[in-house]
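Following: one structure in structure tokens, then a few remarks.
There are 2 protein chains.
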Amino acid sequence: MTTKKLGKQTVAFASPPSIAGHANVVGKKEGEGPLRASFDLINQDDTFGESSWEKAESAMQKLALQNALDKAKQAASTLDFIFAGDLLNQCIASSFAIRGQGVPFFGLYGACSTMAESLTLASMMLDGGFGEWAAAMASSHFCSAERQYRTPLEYGGQRTPTAQWTVTGAGAVVLAREGDGPYITHATVGKIVDKGIKDANNMGAAMAPAAYDTLSTHFSDTGRKPSYYDLIVTGDLGTLGKGIVLDFFHKDGVDLQNLDDCGVLIYDAQGQDVHCGGSGCGCSAAVLTGFLLNGMREGRWKKILFCGTGALLSPTSTMQGESIPGICHAVAISTQKGG
Amino acid sequence: MTTKKLGKQTVAFASPPSIAGHANVVGKKEGEGPLRASFDLINQDDTFGESSWEKAESAMQKLALQNALDKAKQAASTLDFIFAGDLLNQCIASSFAIRGQGVPFFGLYGACSTMAESLTLASMMLDGGFGEWAAAMASSHFCSAERQYRTPLEYGGQRTPTAQWTVTGAGAVVLAREGDGPYITHATVGKIVDKGIKDANNMGAAMAPAAYDTLSTHFSDTGRKPSYYDLIVTGDLGTLGKGIVLDFFHKDGVDLQNLDDCGVLIYDAQGQDVHCGGSGCGCSAAVLTGFLLNGMREGRWKKILFCGTGALLSPTSTMQGESIPGICHAVAISTQKGG
Numbered sequence: 001m002t003t004k005k006l007g008k009q010t011v012a013f014a015s016p017p018s019i020a021g022h023a024n025v026v027g028k029k030e031g032e033g034p035l036r037a038s039f040d041l042i043n044q045d046d047t048f049g050e051s052s053w054e055k056a057e058s059a060m061q062k063l064a065l066q067n068a069l070d071k072a073k074q075a076a077s078t079l080d081f082i083f084a085g086d087l088l089n090q091c092i093a094s095s096f097a098i099r100g101q102g103v104p105f106f107g108l109y110g111a112c113s114t115m116a117e118s119l120t121l122a123s124m125m126l127d128g129g130f131g132e133w134a135a136a137m138a139s140s141h142f143c144s145a146e147r148q149y150r151t152p153l154e155y156g157g158q159r160t161p162t163a164q165w166t167v168t169g170a171g172a173v174v175l176a177r178e179g180d181g182p183y184i185t186h187a188t189v190g191k192i193v194d195k196g197i198k199d200a201n202n203m204g205a206a207m208a209p210a211a212y213d214t215l216s217t218h219f220s221d222t223g224r225k226p227s228y229y230d231l232i233v234t235g236d237l238g239t240l241g242k243g244i245v246l247d248f249f250h251k252d253g254v255d256l257q258n259l260d261d262c263g264v265l266i267y268d269a270q271g272q273d274v275h276c277g278g279s280g281c282g283c284s285a286a287v288l289t290g291f292l293l294n295g296m297r298e299g300r301w302k303k304i305l306f307c308g309t310g311a312l313l314s315p316t317s318t319m320q321g322e323s324i325p326g327i328c329h330a331v332a333i334s335t336q337k338g339g
Numbered sequence: 001m002t003t004k005k006l007g008k009q010t011v012a013f014a015s016p017p018s019i020a021g022h023a024n025v026v027g028k029k030e031g032e033g034p035l036r037a038s039f040d041l042i043n044q045d046d047t048f049g050e051s052s053w054e055k056a057e058s059a060m061q062k063l064a065l066q067n068a069l070d071k072a073k074q075a076a077s078t079l080d081f082i083f084a085g086d087l088l089n090q091c092i093a094s095s096f097a098i099r100g101q102g103v104p105f106f107g108l109y110g111a112c113s114t115m116a117e118s119l120t121l122a123s124m125m126l127d128g129g130f131g132e133w134a135a136a137m138a139s140s141h142f143c144s145a146e147r148q149y150r151t152p153l154e155y156g157g158q159r160t161p162t163a164q165w166t167v168t169g170a171g172a173v174v175l176a177r178e179g180d181g182p183y184i185t186h187a188t189v190g191k192i193v194d195k196g197i198k199d200a201n202n203m204g205a206a207m208a209p210a211a212y213d214t215l216s217t218h219f220s221d222t223g224r225k226p227s228y229y230d231l232i233v234t235g236d237l238g239t240l241g242k243g244i245v246l247d248f249f250h251k252d253g254v255d256l257q258n259l260d261d262c263g264v265l266i267y268d269a270q271g272q273d274v275h276c277g278g279s280g281c282g283c284s285a286a287v288l289t290g291f292l293l294n295g296m297r298e299g300r301w302k303k304i305l306f307c308g309t310g311a312l313l314s315p316t317s318t319m320q321g322e323s324i325p326g327i328c329h330a331v332a333i334s335t336q337k338g339g
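Here the protein sequences come in this chain order: X and L. The first sequence maps to residues 1 to 339 in this note's numbering. The second sequence maps to residues 1 to 339 in this note's numbering.
Right under this line is the structure:
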């Protein structure tokens, strides 16, 4: 057992990496929601000037990265590595966004947990002594996701009550080995948890057991109580998934009063017709890089546990009758280096 | 600049991780090729007892991992992390293989560079002090790849002369922080290189510039000459891509006599009707975990530079007229800890 390891799944960084810059880009619908003031760039037609939805998604990642680098007062050439991923087949949103950057690149696939996965790996890389600067990034686009996972937009398919709405958005974080924070102090890396849910229109229920597993492990590995954090935020379980996580903890005698969810936060449940809330890699990426990190900088929260949740299914696995494997990675972020 | 970094892209491990176990699984065609003696398990109908090609691919990963763990005399529960990926949409071969393992998991997408990407990240994790044991793993399956990227098998599509044959195979490496080697001493992390090749049936030409870029960078970052290595092996450029890399170096006045390619090695070019050779994440994974690492253990080679090459396209990006972004990660493996 190394000194940086707490329990089996949690890493405690010896030199917590500092968040030097963070930025996001979203679409029109997200810009009309309750978090509108926290977004850096809101596009009005969701094309970002491109000729396809996939290219639009790549454009979002490029804009978010450039903006995060600008805020960190760094050029892309400063970056030692970029860690990025998205939901598209073969992760083309990321590859085509990073193609022109000239930076060593690690491609990731963690479904909607990608923002937390990329932050975890970038932090391990910096704390491990392999570089000074890294970027972590993720995106999703409602239109590219709908036609790939569900039906063409023109079909106008009816959505089920448990469905979530894929966020059009991207978020990028620039991390530095030294800086003024906020700091990434811990990461709890998730195992795959699959409780047999087969309904691809009910991702919240499929991912909730993974979120419960990783959160419970984080608390036992670190010895911290949930109340240690000013905010515990999952992303993206939506209203139904969030309720399931609360139920699980309630059965353990724990009342998670400080739990919220990026998929619940990003849309107005009453006015925006999104059923169970937002989803997609871009949801937690945009909420983290806006509402959450802005809030930390403004003094609203000092300690946050950011828990990216992913459903590792594909349309093929669903058609072949498989259940939905879920995963959740938790990242502890603090304004203090000591956690 | 940290002491573990050489130049901009190369990492030199302070405590080189040791390869404690390695194993592979392949299909019938690979088992009839020139490397047949180096495979641990050869399946005769490529189904591995499963009802779909995608499930067969997952079964291969599970078998390769179990066999690699057995050789390392370890249980899955020993592993701190698994790093894995594949070519399928949403990387379901990996997710479903890892679902039952109960091990913290990082999902990767690096196309055919995935074996090198997973080895690099697993080595960074161990050398960074975040654990004692890790697994790195990748797979591909001819039948799942054909129907996803090209045409249904039943269609019997004609293949072009520059085409490569997707390997049905999986390879897994179990890495330990301490051990008797072979050791992972360095890794050069690739940038995306795209020279405008748009022919999805000519991946070798699309990936060759990335291989040249990473190899040149590795030599300049480390100060090593190509002749330092007993063998430099790319995977999977095939015959055409390998020729392009040789040409690039020839123009620099360098004669890479010790270069070979996993895609060239795995099939008999004359007798197996594979055109330019093998491809797929499983190609370099199966060649590394059999022919190459067995050869090192038998004393055939002391120092190898293993260079995974990936083409980061998708059928959608090709249909939208995009060129093919290539990437290459190079991993230096030595029987000596000092490199």
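We treat Cβ as the ideally placed atom computed from N, Cα and C, and that holds for glycine.
Residue 299 of chain X to residue 305 of chain X, Cα distance in whole Å? 16 Å
Residues that residue 316 of chain L contacts on chain X, provided the C-beta gap is smaller than 7 Å: 54, 89, 92
Whole angstroms are fine: how far does the CA of residue 16 of chain X sit from the CA of residue 214 of chain L? 30 Å
With burial defined as no fewer than 16 other Cβ atoms inside 10 Å of the residue's Cβ, what is the status of residue 18 of chain L: buried or exposed? buried
Min CB distance residue 48 of chain X to chain L below 8 Å: no
Let's see if you can read the secondary structure: which residues bound the alpha helix (DSSP H) around residue 212 of chain X? 203-222
Fully enclosed by the region 85-151 of chain L, which alpha helix (DSSP H) runs are 4 residues long or longer? 92-98, 114-127, 142-149
On the DSSP bridge list, what partners appear for residue 183 of chain X? X:18, X:334
So is the beta-carbon of residue 130 of chain L under 7 Å away from any non-hydrogen atom of the ligand ZN? Judged by which ligands are present, the structure shown has none, so any question about the ligand ZN falls away.
Going by DSSP, what residues sit across from residue 327 of chain L in a beta bridge? L:310
Residue 56 of chain L in three-state terms, based on DSSP: helix
Using beta carbons (cut-off 8 Å, strictly below), is residue 203 of chain X in contact with chain L? no
Is it true that the CB of residue 171 of chain L sits closer than 8 Å to the CB of residue 115 of chain L? yes
So which residues of chain X does residue 98 of chain L contact, with C-beta pairs closer than 7 Å? 192
I'd like to check one pair, residue 268 of chain X with residue 34 of chain X: are the Cβ atoms closer than 8 Å? yes
Would you verify that the beta carbon of residue 331 of chain L is, or is not, closer than 8 Å to some beta carbon of chain X? no
Whole angstroms is fine: what's the gap from residue 99 of chain L's alpha carbon to residue 325 of chain X's? 7 Å
Kindly list the residues whose CB is nearer than 6 Å to the CB of residue 193 of chain X, restricted to its own chain and excluding five residues on each side of it in sequence; keep chain order. 209, 210, 213, 326
Min CB distance residue 109 of chain X to chain B below 8 Å: Annotation note: the requested chain B is absent from the structure, which comprises protein chains X and L.
Same chain, Cβ closer than 7 Å to residue 179 of chain L, five either side skipped, listed in chain order: 18, 20
May I ask which residues mark the beginning and end of the alpha helix (DSSP H) holding residue 244 of chain X? 238-251
Boundaries of the beta strand (DSSP E) in which residue 233 of chain X is found, first to last residue: 231-235
Could you spell out the range, first to last residue, of the alpha helix (DSSP H) harbouring residue 286 of chain L? 281-287
Status (buried if at least 16 other CB within 10 Å, exposed otherwise) for residue 7 of chain X: exposed
Any idea what DSSP makes of residue 39 of chain L, helix, strand or coil? coil
Since residue 291 of chain X contacts residue 38 of chain X with CB under 8 Å, what's their CB separation in whole angstroms? 4 Å
Going by the CB atoms, is the gap between residue 139 of chain X and residue 57 of chain X shorter than 8 Å? yes
Cβ-based burial, residue 319 of chain X [other Cβ within 10 Å; buried from 16]: exposed
With a threshold of 16 other CB atoms inside 10 Å of the CB of residue 182 of chain X, please say whether the residue is buried or exposed. buried
Is residue 127 of chain L close to chain X, meaning its C-beta is less than 8 Å from at least one C-beta of that chain? yes
Neighbouring residues, chain X, relative to residue 95 of chain L (Cβ below 7 Å): 192, 312, 325
Just the Cα atoms here: how many angstroms apart are residue 102 of chain X and residue 251 of chain X? 50 Å
Residues of chain L with CB closer than 7 Å to the CB of residue 104 of chain X, please, in chain order. 9, 189, 190, 191
State yes or no: is the C-beta of residue 275 of chain X within less than 8 Å of the C-beta of residue 13 of chain X? no
Count the other CB atoms within 10 Å of the CB of residue 77 of chain L; is the residue buried (16 or more) or exposed (fewer)? exposed
Just tell me which of L:203, L:216, L:110 has its CA closest to the CA of residue 188 of chain L. L:216
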